[in-house]
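Residue numbers (the working numbering), protein chains in the order written: chain A, 3 to 384; chain B, 3 to 384; chain C, 17 to 417; chain D, 17 to 417. Ideal Cβ placement from N, Cα and C applies to all residues, glycine included. Scroll down for the structure; my scribbles are underneath it.
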């Protein structure tokens, strides 16, 4: 058992952190967020240059052969810097579908475009009724000759407004909540019948509502088995959850640092407020919550490629619960200890709080995953 | 709306508190607990003299016409003093069955004996499988001529070892968990076929396992409708819950006082530990929890005679949840703030903690009642 | 002890409830019921309806427009207003500066300001907090130097709620920097917001709203007749003002209304293909919050009743710290529950102040305010004496630690 | 980064697990598994089985009987011992005074005491706390005055665990009352419990058990050769000793074993006519505790791995405060869950030390220890540096506040 990064991983961590520290200061981020498209094309280019956009892909397709640990490193750094670019949706999430489900032809066609920064992708999954259930799919993919005709409305498609292509779940058979009969399709954003409306999310990211109306795709648009794509979806989302946990840990770490720093400089009653024992203990409690979240994120990172799907899902749900709970506690306490200034847009801490809150609401919040674990087997049997 | 006691109630409160303060100091209590029968016959005589044993009964039968508020006053004082006598089981619980279910003949026969202290009663209800479900009754009462033959085993019968008579639930018809078909019977402790084994409970009270083997009782042993006694059981237990809440509030109040006193005298690092802000806030949190419990106990006291059974049960469950949660928090925090000495038999605080813990486990703990409320209608609709 | 409302109290509650339901304009009611912001106009409209009815300032002395109701009726009135739900009156006028003026002000001030507060002809804001003076309010530094028949005010106030609409601001200013203790040497002055030298700058909060402001004073000339009470006695008036918050502080009616709404909304969304309201975890979380609220309501009523007993002297009761602590925790718990209800639809953010509704097809439409409210309501445990300060008060004033 | 055990570690775990299962006497295993106390004899029996195997003191230097295992293997060893569950070795010998003796003691002390500790020929107890010195340990007052070749010890120790069986006690005593700081002037001495003038008095705890004692010293003569290390340096040795607790402090294995048992027991009782383990509220509470425990296990492993990296120098790591805080919270949560499982059968109390089983017909028989354990385990957040002290350590040593 070894918790240390190897030399290459340490180098990766340093490079990403140097880049974000140098180029993504809080003020810069504010300007990026305020302007169109809500993220920085320049940074995107930098990520490409650094190889981050090629990170998890096989070197056979021009990738860097990075694994979950490399993704964790990048996402944690992005969490610390609160980056706004569509890395998660393009590389981790949509990239996951390509890595685990796509044909060699699909990979050869798309991965180089992702790696060089020219193609962004988004995962069109959530529907009005689906809440957090990945298998709850009302969108349909009707067979039409060799291809399919897709109909459906997808909500809160993260970075869906800037995506060149969508990864879309649609039903090829079965009832709305049947776990079989779900297909995964690659659909051009400018295909006939696709329309979208982009908007900002609470945390300053972007998302879109996307409508698919009789959108025709060819057989080459199918990722994996069109009649049994759900295991693929689960697997990719588990990896995505691990990545989101890492981002949340980065954000929590910064909230904790910012808070401790503030306790040292803010004076009331003639002393730094960090001299008050109640606030010291609150900061200590934050630290404990942060470290517990970090531990579970490491577990999630390790487990997200586990071949035992039940054990994998259980560990990932456990991590999402811990990270959700820790994030909520760390965020709420950070704001409370900052007092009023923590609630202003001018101070960074509130932005981190918003991000961790939205991460909790992505792919199932703590309550959702706790109920899931509670419905299953023991987590601790060995 | 009026939260104040009237003059008679104030007088009652003062009398009971004077009695327990004068005659039931912590050391005295320890001796009483260590000796047989585990409670003080002398105090029992005092209660009789003061009219406490006649308190809730109608003056038609020699009672004092006291209502729930009077019971609350006495139980809260008993909670403060941690009295050990079978007041709750005899007067509140069994007395409740007499008040709400018994015939005039039964009342005339028994209440004077209770009032003068010569008769103790106990409620034989819990069974091995029943947990907190009052309607889960496996004991049977088979009709036999005019009377009944009772068979069954009852567990954790509070003060069952000293009772002269038992109030027993037994099934006259239906399946084990059917809410109809439950009868309530008065059974002599020395009747043929009754055997018992007494023991101490965790909090220094007494209880017994009681076995009923072909115990024959006459028609005059039936309290209320032998085929539909369950509403009576619920009603009486609701009153009993209100009384237990009051006792718990008394105990919590003392735990809080003892803790605050300790914080003022115990020195570490050269200062009274009450100067440490973290301990101050813990004591403040205890205070808040105590006052919330007190509020809900008042509500329970008011509602335990409400004719709307659903509203009554819901309010009583809510009070049991609040008092259970507050009791746990106050008790655990009291021990923590006392440090090691709080865990010793020599210090009073641990004894209070044990009592509130056992009150939580009586007639349904906080989790049980929360699940019950969650299954029902809103508590706050007006 | 009788914990039921008297028949008179019940009749009063029904009268108030009926009036609120009938008199509150439907559009304002809709905004309130759906958790949206209400704007200045809505607050003014509603206040004038109340004033017309004679209920603008029930808690004031009768000679200034009050109703003469006792604390229990006042409590019922506020509770019903919150449950309707109707907009609360602008507290800076009706609950803050009004009572200070009728208690410590002179006749001219009473005549000039009180009727205009009741009818909200003037919009008031509060100039207490400063960047360096939050929990430690007495360390404030905004100065007022006497110069003939004027004070000249210099300094900065912050967290000034709704100052963007304000006609007047009441301020704590330091008139004697030489005073021995920092609580001494502070005065309470009323300042016309149109006076030259005042600059209001918005503070944007993380929920995306604009409720609070910084207010800068640069050689602002304030006539001496705008001093309330005695010079250098302002700290006493401020304490009086803050002690008056008691009956309203727990906001039980607000939480009740929100929990009822959450219960209704949770029946409209599904989890695991059944209504969320049927999920055991959600029901237990909701029930646990309802129990806490029920207990708080009883605690609140105990404080109100004790108040009534004492003759409503308006003395600060340290027990009100319980109301503040539990009230804020429960209000925040309701925002948390609403986040559970909206699930992934917490994410979309709608631009444009005071409009958090989701356009179609983002669904459901009522999900819009969930996250902004969750963020915004973090303030409840911070302002008006943070929960940490409240626990200090309990520890010192009640427990003697 | 590789968070799986190596094949070697897995083989080691299996070896240890198999040995424990086979070598632990069945009666001791039953007591442990059912949550009862184990007595002195059981602890001695098990320790000697371990010693026979060469595993009595794995963490000691090899020359004194250690195994040479790195921290990860030691962690696995302890975890497996807790999960079996087998009795933990008497910590006062193998984890406390043993390491102090081999690190700071002289050769004579090493030769005299270490083998007897490994084989538990001597039963050790700890004389640190005093009635006036709990969290503020350095304020201790038990005095040791030099008189020729003896110290004369006077004073009182308290919370002395299992002193009723003890052959020896290691004590912190004040040898220089004139020292400038209270941490100076303290020495670490070993005292034979048979020495005249020692009086052990039991402290009964609220669970009804007798684990701890007061120990009184009245002119107790202790040969100077029983001084460990240098005179007046005892505080350093005490800090070393307390810093050694790290790998054991979270007791992850204990909590795992208890949660597994709770899950099994909850299948045997019914609520609402179905097994309690099927009640959603119970499952969620159990799952939430399991998640916390899983996170703690990972945190524990991180600390152990960092330790291994540093070469197991046994430096106190402030991160161990996390292990203490979360470890105690989770252990206490397991006692709470067991209370939920036993329900009304928490009430009966069985007289007689070390026997909490319920005689028939009180049911179920395993309910007996639930309440005593809940009461007794309150100590876990108090002893060994209370959780408040642990948070002080985090705030100061890690956060620099």
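Q. Skipping 5 residues on each side, what residues in its chain have a beta carbon closer than 8 Å to that of residue 220(D)?
A. Sequence-distant partners of residue 220(D) (beyond 5 residues in either direction) whose C-beta falls short of 8 Å from its own C-beta, in its chain, are 226.
Q. Within 10 angstroms of its Cβ, does residue 68(C) collect 16 or more other Cβ (buried), or is it exposed?
A. With fewer than 16 other Cβ atoms within 10 Å, it is exposed.
**Q.** chain A within 8 Å of residue 279(B), Cβ atoms only
**A.** It does; some Cβ of chain A falls within 8 Å.
Q.
Is there a Cβ of chain A sitting closer than 8 Å to that of residue 307(D), yes or no?
A. It does; some Cβ of chain A falls within 8 Å.
Q. Closest Cβ-Cβ distance between residue 314(D) and chain A: below 8 Å?
A. Using a CB distance cut-off of 8 Å, residue 314(D) counts as an interface residue toward chain A.
(Q) Could you tell me which whole alpha helix (DSSP H) segments of length 4 or greater appear in the region 341-413 of chain C? (A) Within the region 341-413 of chain C, the complete alpha helix (DSSP H) segments of 4 residues or longer fall at 386-392 and 403-409, listed in chain order.
Q) Would you call the CB atoms of residue 376(A) and residue 322(A) closer than 8 Å? A) No; because the gap between Cβ atoms is not below 8 Å, this pair is not in contact.
Q) Does DSSP put residue 111(D) in a helix, in a strand, or in coil? A) Residue state for residue 111(D) is assigned as helix, using DSSP reduced to three classes.
Q) Quick one: what's got a C-beta closer than 7 Å to residue 306(B)'s C-beta in the same chain, skipping five residues either side? A) 70, 240, 241, 244, 314 and 318, listed in sequence order.
Q) Is residue 96(D) buried or exposed, if buried means 16 or more other CB atoms sit within 10 Å of its CB? A) Residue 96(D) should be labelled buried.
(Q) Considering only the alpha carbon of each residue, which of 119(D), 211(D) and 410(D) lies closest to residue 185(D)? (A) Nearest option by C-alpha distance: 211(D).
Q: Taking C-beta pairs closer than 7 Å, name the residues in chain A that residue 338(D) reaches, listed in chain order.
A: The answer, in chain order, is 290 and 293.
Q: Return the residues of the region 261-285 of chain A that lie within a Cβ-Cβ distance of less than 9 Å from chain B, sorted by chain order.
A: Residues 278, 279, 280, 281, 282 and 283.
Q.
Just to check my reading of the structure: residue 105(C) and residue 63(C) have Cβ atoms closer than 8 Å, yes? What is that Cβ distance to the nearest angstrom?
A. Yes, residue 105(C) and residue 63(C) are in contact; Cβ-Cβ is about 6 Å, under 8 Å.
Q. Within 10 angstroms of its Cβ, does residue 205(A) collect 16 or more other Cβ (buried), or is it exposed?
A. Residue 205(A) should be labelled buried.
Q. Which of helix, strand or coil does DSSP assign to residue 133(B)?
A. Reduced to three states, the DSSP call for residue 133(B) is coil.
Q | For residue 144(B): DSSP bridge partner residues | A | Answer by DSSP bridge pairing, in chain order: 151(B).
(Q) Please report the distance separating the alpha-carbon of residue 153(A) from that of residue 217(A). (A) Going by the C-alpha atoms only, they are around 7 Å apart.
Q: Taking residue 411(A) as the reference, give the member of 259(A), 5(A), 148(A) and 250(A) with the closest Cα.
A: This structure leaves residue 411(A) out entirely; chain A is present only between 3 and 384.
Q. Going along chain C in order, which residues have a C-beta closer than 7 Å to the C-beta of residue 296(D)?
A. Within chain C, the residues near residue 296(D) are 296 and 297.
Q. Can you give, in chain order, each stretch of the alpha helix (DSSP H) that sits fully within the region 258-305 of chain C and has at least 4 residues?
A. As far as the region 258-305 of chain C is concerned, its whole alpha helix (DSSP H) runs of at least 4 residues are 268-282.
Q: Please work out which residues of its chain come closer than 6 Å, Cβ to Cβ, to residue 288(B), disregarding the five sequence neighbours upstream and downstream, and give them in chain order.
A: Short of 6 Å from the beta carbon of residue 288(B), and not among the five residues preceding or following it, lie these beta carbons of its own chain, in chain order: 258, 332 and 335.
Q. Which term fits residue 385(D), buried or exposed, when burial requires 16 or more other beta carbons within 10 angstroms of its beta carbon?
A. Buried is the call here.
Q. Can you check whether the CB of residue 108(A) is closer than 8 Å to the CB of residue 100(A)?
A. Yes.
**Q.** With 16 other Cβ atoms within 10 Å as the buried cut-off, status of residue 273(A)
**A.** With fewer than 16 other Cβ atoms from the protein chains shown falling within 10 Å of its own Cβ, residue 273(A) counts as exposed.
(Q) Taking 8 Å as the threshold (beta carbon to beta carbon), is residue 354(A) in contact with chain C? (A) So, not an interface residue.
Q.
In whole angstroms, give me the CA-to-CA distance for residue 141(C) and residue 42(C).
A. Cα-Cα distance, rounded: 27 Å.
Q | Inter-residue Cα distance where the pair is residue 27(B) and residue 33(B) | A | Straight-line Cα distance between these residues: approximately 10 Å.
Q | Contacts of residue 414(D) in chain B (Cβ-Cβ under 7 Å) | A | Chain-ordered listing is empty here: chain B has no CB closer than 7 Å to the CB of residue 414(D), the nearest sitting near 17 Å.
Q: On a CA-only basis, which of 405(C), 414(C) and 416(C) is nearest residue 153(C)? Give me that one, please.
A: Minimum Cα distance to residue 153(C) is reached at 405(C).
Q.
For residue 180(A), would you say it is in contact with chain C, using Cβ-to-Cβ distances shorter than 8 Å as the test?
A. No, residue 180(A) lies away from the interface with chain C (no Cβ there is under 8 Å from its Cβ).
Q) How would you list, in chain order, the residues of chain D whose beta-carbon sits under 8 Å from the beta-carbon of residue 209(B)? A) Going along chain D in sequence order, the residues near residue 209(B) (Cβ under 8 Å) are 363 and 364.
Q) Would residue 196(D) count as contacting chain C if we go by Cβ distances under 8 Å? A) No - not a single Cβ of chain C is within 8 Å of the one on residue 196(D).
Q. Given that a residue counts as buried once 16 or more other Cβ atoms are within 10 Å of its Cβ, and exposed if not, what is residue 358(C)?
A. Flag for residue 358(C) reads buried.
Q) Of the choices 279(C), 119(C) and 208(C), whose alpha-carbon is the least far from that of residue 238(C)? A) When 279(C), 119(C) and 208(C) are compared, the shortest CA-CA separation from residue 238(C) is found for 208(C).
**Q.** Test item: CB-CB of residue 88(C) and residue 324(C) under 8 Å
**A.** With contacts defined as CB atoms closer than 8 Å, residue 88(C) and residue 324(C) qualify as a contacting pair.
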